[in-house]
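Notes to accompany the following structure.
In this note's numbering, the protein residues as written are 615 to 785.
This is how it looks when you write it as structure tokens:
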């Protein structure tokens, strides 16, 4: 299959979970309106910070739950096409939704909503303390960088379906 075909197949698979992701992330981008706005403008809820929040989404297929507490970002492509990591380091994206498809029930669990601003700042200011490793994909043409969530400042986690203990994970 061509790289474009791989992308389209992967995209179709991940898009099948988009409604579940929207249901999970939605509460974190909405906030109750202040009294004055509610009573004068008929708005009970407002979008967080009244601006767009760009959310990158990455899902792992069933069988990867053993990698609980870490997240991966594509870091290299043999084709030279710009990777997700390069785009994030360049400043694109505000949040990362990272989830594991648990089983045949197709539930996303565990999942993490991560702040990419904290991620970028930590890569710059705390690079030596970030625990990561480079992984080759089974396709033989891409690599991923795996990061331990607990090696970043705790503020990286906006929300999570599980409690993460600092220093309790192994990469």
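No residue lacks a Cβ here, since even glycine has one placed at the ideal position from N, Cα and C.
**OP:** Less than 8 Å between the CB atoms is what I'm expecting for residue 725 and residue 772, so what's the real figure, rounded?
**Re:** Their Cβ separation, rounded to whole angstroms, is 11 Å, which puts residue 725 and residue 772 out of contact at 8 Å.
**OP:** Give me the Cα-Cα distance between residue 678 and residue 711, rounded to the nearest whole angstrom.
**Re:** 16 Å
Original post:
So does the region 760–771 actually touch the region 740–748, counting three or more Cβ pairs closer than 8 Å?
Top reply: Yes: at least three Cβ pairs fall under 8 Å.
Subject >> Assigned exposure category for residue 736 - 16 Cβ within 10 Å defines buried >> reply: buried
**OP:** Pull up the distance between the alpha-carbon of residue 688 and that of residue 756, whole angstroms please.
**Re:** 7 Å
Original post:
Which of the three DSSP states, helix, strand or coil, is assigned to residue 728?
Top reply: Assigned with DSSP and collapsed to three states, residue 728 falls in strand.
Original post:
In angstroms, rounded to a whole number, what distance separates the CA positions of residue 675 and residue 728?
Top reply: 19 Å
**OP:** State the Cα-Cα distance for the pair residue 707 and residue 699, rounded to the nearest angstrom.
**Re:** 10 Å
**OP:** Can you tell me which of the three DSSP states residue 641 falls into?
**Re:** helix
**OP:** Report, in whole angstroms, the separation of the C-beta atoms of residue 659 and residue 644, which I expect to be a contact under 8 Å.
**Re:** 5 Å
Original post:
Do residue 713 and residue 631 come within 9 Å of each other at the CB atom, strictly closer than that value?
Top reply: Contact: yes.
**OP:** With DSSP as the reference, label residue 698 as helix, strand or coil.
**Re:** helix
Subject >> Cα-Cα separation between residue 704 and residue 671, rounded to whole angstroms >> reply: 17 Å
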